[in-house]
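Undergrad: With the working numbering as the guide, the letters of the sequence shown map in order to residues 405 to 529.
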Amino acid sequence: MTATTAAAERLIRIGEVARGAGVSVRAVRYYEQQGLLIAERSPSGQRLYRQDAIALIRFFQQMFAAGLTSRRITELLPCWDSGHTDAEQRAMLRAERDRIRAKVDDLQAALDRLDEVIAVTDTHP
405 MTATTAAAER
415 LIRIGEVARG
425 AGVSVRAVRY
435 YEQQGLLIAE
445 RSPSGQRLYR
455 QDAIALIRFF
465 QQMFAAGLTS
475 RRITELLPCW
485 DSGHTDAEQR
495 AMLRAERDRI
505 RAKVDDLQAA
515 LDRLDEVIAV
525 TDTHP
């Protein structure tokens, strides 16, 4: 990013980030405390974030929902930021993907079973 681009980028306040990402202000602060987000400070001390913080927080939420820890997400961030990985990072990414795939398969099996129960109960008054 050039200095001109950085200067032109509008920084947004914590409330705007929280609203845009659909999380609480407290959650945004938590992500910052965990080292997942970096805030700049206004002259009056208000937290200011780049606009991509909203997309990052949505990514964090997805990863948390999939069972990743904040530490694991921190390990993923260099991959997100640069688009490049080393062999160890790729192995970690694949292991997480496999774990999530197994979870999805388990959830699909549970959904299929519920559909069977619904089908049976729909035929009885």
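Glycine included, each C-beta is placed from N, C-alpha and C at the ideal position. Small disclaimer: the values here were computed from a predicted structure and weren't measured.
(1) What residue from P447, L497 and E444 has the CA that sits closest to A470's CA?
(2) Indicate the three-state DSSP secondary structure (helix, strand or coil) for L460 in the structure shown.
(3) Please return the same chain residues whose Cβ sits closer than 7 Å to the Cβ of L472, not counting the five positions on each side in sequence.
(4) Can you tell which of D490, A443 and L460 has the C-alpha that lies nearest to the C-alpha of L452?
(5) Relative to the alpha-carbon of G424, which residue among Q450, Q438 and L460 has its alpha-carbon at the smallest distance?
(6) Roughly how far, in whole angstroms, is the beta-carbon of Q455 from the beta-carbon of I418, given that I think they are within contact range, below 8 Å?
(7) DSSP state of L497, grouped into three classes?
(8) Is E444 helix, strand or coil by DSSP?
TA: So, from the listed chains and residues:
(1) In the sequence shown, the residue the question calls residue 470 occupies position 66. Here the closest residue by C-alpha is L497.
(2) As a working note, residue 460 is residue 56 in the sequence shown. DSSP places L460 in helix when its eight states are reduced to three.
(3) Numbered from 1 along the sequence shown, position 68 holds the residue referred to as residue 472. Once the five neighbours on either side are set aside, the close Cβ partners of L472 are E500.
(4) Counting from 1 along the sequence shown, the entry for residue 452 is found at position 48. Here the closest residue by C-alpha is A443.
(5) Position 20 of the sequence shown, counted from the start, is the residue given in the question as residue 424. Among Q450, Q438 and L460, the Cα nearest to that of G424 is on L460.
(6) Position 51 of the sequence shown, counted from the first residue, corresponds to residue 455. Position 14 of the sequence shown, counted from the first residue, corresponds to residue 418. Contact doesn't hold; Cβ gap of about 13 Å is too wide.
(7) Here residue 497 is taken as the residue at index 93 of the sequence shown, counted from 1. Helix.
(8) Counting from one through the sequence shown, the residue named residue 444 turns up at place 40. Of the three classes helix, strand and coil, the one that applies to E444 here is strand, per DSSP.
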